[in-house]
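Below is one structure, written out as structure tokens; comments come after it.
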Amino acid sequence: MNKIKYLFKQIKDFSRYRLTKEQEEQELLIDKQELKECYKEYGLCKICNQPKTDSIYCRSCNSQYFKQNFKNWTSGNHD
167 MNKIKYLFKQ IKDFSRYRLT KEQEEQELLI DKQELKECYK EYGLCKICNQ PKTDSIYCRS
227 CNSQYFKQNF KNWTSGNHD
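Counting in the working numbering, the sequence shown runs from 167 upward without gaps.
Following this line, the structure appears as structure tokens:
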């Protein structure tokens with residue numbers, strides 16, 4: 167886990183317009199590691215077969231679900 171924190175510290179200083187080869191590799195490593203951990207913990211999304219980020223959906227499908235159901239949200243306040 168310390169390696170990930172170290173990589174995040176390095177990535178925050180990356181130029182967003184042009185990454186060095188090393189920066190690109192580090193960025194890919196973090197994405198792959200995060201996806202691997204999500205897959206191990208939650209499995210695959212039943213909709214798109216990507217690693218889930220919680221017990222129901224992957225990040226993308228979770229966003230779509232909330233967009234589609236946003237109109238049904240209430241504060242729960244009946245005042």
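The C-beta atom is built at its ideal place from N, Cα and C for all residues, glycine as well. Keep in mind that this is a model prediction, so the values were computed, not measured.
- Using a Cβ distance threshold of 8 Å, Pro217 and Tyr205 count as a contacting pair.
- A straight line joining the alpha-carbon of Trp239 with that of Glu207 spans about 29 Å.
- Rounded to whole angstroms, Lys202 and Asn168 show a C-alpha spacing of 17 Å.
- Asn235 and Asn228 have their C-alpha atoms spaced approximately 11 Å apart.
- The beta carbon of Thr219 lies closer than 8 Å to those of Cys204, Tyr208, Arg225 and Asn228 in the same chain, with the five residues before and after it left out.
- For Phe232, the enclosing alpha helix (DSSP H) begins and ends at Arg225 to Asn235.
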